[in-house]
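Remarks on the structure that follows.
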Ligand SMILES: Cc1cc2nc3c(=O)[nH]c(=O)nc-3n(C[C@H](O)[C@H](O)[C@H](O)COP(=O)(O)O)c2cc1C
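Residue numbers (our numbering): 39 to 366.
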C-alpha cells in the first residue's frame with residue numbers, strides 16, 4: 039500500500055513535506071495554490087511553490103474554477119520542473135473557497151470539473167489528478183460523474199475524501215461509496231478520511247484503494263507513515279517523548295532552511311524575520327507534537343516573549359530536556 043500526505047492549507051509546506059517523506063510518505067502535496075493568484079501575478083502565492091532538496095515526489099495542488107486561469111497555472115507549475123503531478127482541488131468546503139466558486143462548489147456541477155481538468159491537461163505533460171468528495175450531500179451523489187470527468191479527460195488518478203461537502207471535515211467516512219468508486223474506476227483511486235492508526239488504515243484498505251491519504255493525523259504523528267508501512271506500533275513513554283523532541287528539532291531545522299530559501303528567492307516580498315516566521319509555525323503547528331505533555335502551557339506562555347531563533351532555542355531546550363527525563 040502507498041501512503042500519501044494530504045494537502046493541508048497552512049501546514050504542508052516544504053519543511054513539513056520533507057519531514058513526512060523522511061518518515062516514509064510515498065507522495066506529498068503542496069497546500070492548495072490559487073490558480074487565479076498565479077494568473078494575476080501574486081508573488082506570495084509563489085512561496086507555496088517552493089520545494090527543498092530531499093523532499094521526494096511532490097504533487098502541486100491547484101484550486102480554481104476558471105479554465106483559462108487553471109491553464110495558465112498549469113503551464114507555470116510545469117515549467118518549474120519541481121513537481122511530479124498536478125492535482126485539482128474540487129472538495130474544499132471552506133466558505134472563502136466555495137463562495138468564490140472553487141473547491142467543493144465545483145461538484146455541484148460536474149461539467150465545471152470536467153472543463154477545468156481538460157484545461158489543465160491541455161497545458162501539461164505531467165500526470166493530472168482530481169481530489170474530491172462523493173457529492174455535496176447524501177442526497178446528491180455525483181462521484182460517478184466526477185470519475186467520468188477524470189477518466190474522459192485522461193487523468194491519472196482520483197482521490198476520494200469519503201465525506202460529503204455537508205460533513206465538512208467531521209463525521210463518518212462512507213467506505214461503501216469509496217469501494218463502489220474503486221469497483222467502477224479504470225484509474226487508481228486514493229482513499230482519504232479519518233486514517234490515524236493501523237486499524238483505521240485497514241478499514242480504508244478494505245475498500246480496495248491503491249493508496250491511502252493521511253491529513254490531520256500526520257500533523258501530530260508525521261512518523262505514522264513509517265509505522266504503517268513497517269507494521270510497527272507508534273511508541274509510548276520515553277521513546278515517544280524522544281521521538282517528539284527529535285521531530286520538533288528537525289522540523290525547526292527544515293523551517294530555517296526554507297526561510298533562508300524564501301529570503302534568497304523573494305528578496306522584495308517581505309518574508310518575515312526568522313524569529314517571527316518560526317514562532318508562527320511553532321504556535322500553530324509544532325505544538326501538535328507536544329499535546330498532552332506536562333508543562334506545555336508554560337512553554338507556550340514563554341513563546342509570547344520570543345522574537346529570535348536564539349530565544350526560541352533557549353526556551354525550548356529546558357522544555358525538551360526536562361520531558362525526556364521526566365518521562366523516562
Ligand atoms: C487545516 C486543513 C487544511 C486543509 N487544506 C486542504 C487543501 O489545501 N487542499 C485539499 O484538497 N484539502 C485540504 N484539506 C482536507 C484534507 O486534505 C483531507 O481531505 C481531510 O482533512 C480529511 O483527511 P483526514 O481525516 O486524514 O484529515 C484540509 C484539511 C484541514 C483540516
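Think of the CB as a built atom: it goes at the ideal place given N, C-alpha and C, for glycine as much as any other residue.
With DSSP run on the structure shown, which of helix, strand or coil describes residue 369?
-> As shown, the chain starts at 39 and ends at 366. That puts residue 369 outside it, with no answer to give.
Rounded to whole angstroms, how far is the Cβ of residue 108 from the Cβ of residue 142, which I believe are closer than 8 Å?
-> Not a contact, Cβ separation roughly 16 Å.
Buried or exposed: residue 181, going by 16 or more other Cβ atoms within 10 Å of its Cβ?
-> Of the residues assessed, residue 181 falls on the buried side of the cut-off, its CB having 16 or more other CB atoms within 10 angstroms.
Check whether residue 68 and residue 96 have beta carbons under 8 Å apart | Yes; because the gap between Cβ atoms is below 8 Å, this pair is in contact.
Neighbourhood of residue 129 by C-beta distance below 7 Å, restricted to the same chain and skipping five residues each side = 141, 142, 169, 170, 171, 199
Residue 52 by DSSP, collapsed to three states: which one?
-> Under the three-state reduction of DSSP, residue 52 is assigned to helix.
To the nearest whole angstrom, what separates the beta carbons of residue 248 and residue 40, a pair I think is in contact under 8 Å?
-> 7 Å
Taking the alpha-carbon positions, what's the residue 212 to residue 201 distance?
-> Their Cα atoms are separated by approximately 6 Å.
Could you tell me which of 124, 340, 233 sits nearest to residue 386, measuring between CA atoms?
-> Not covered by the structure: residue 386. The range shown for the chain is 39 to 366.
Residue 188 classed as buried or exposed, judged by whether at least 16 other C-beta atoms fall within 10 angstroms = buried
Tell me whether residue 357 is buried or exposed, calling it buried when 16 or more other Cβ atoms sit within 10 Å of its Cβ.
-> buried
Taking only the alpha-carbon atoms, compute the straight-line gap between residue 366 and residue 288 and give it to the nearest angstrom.
-> At residue 366 the pLDDT is 35, less than 50, meaning the model places this residue with poor confidence; the figure from the coordinates comes in the next sentence. Whole-angstrom Cα-Cα distance: 21 Å.
Could you work out which residue in 163, 262, 136, 64 is closest to residue 206 when comparing CA atoms only?
-> 136
Can the beta-carbon of residue 258 be found closer than 8 Å to that of residue 326?
-> yes
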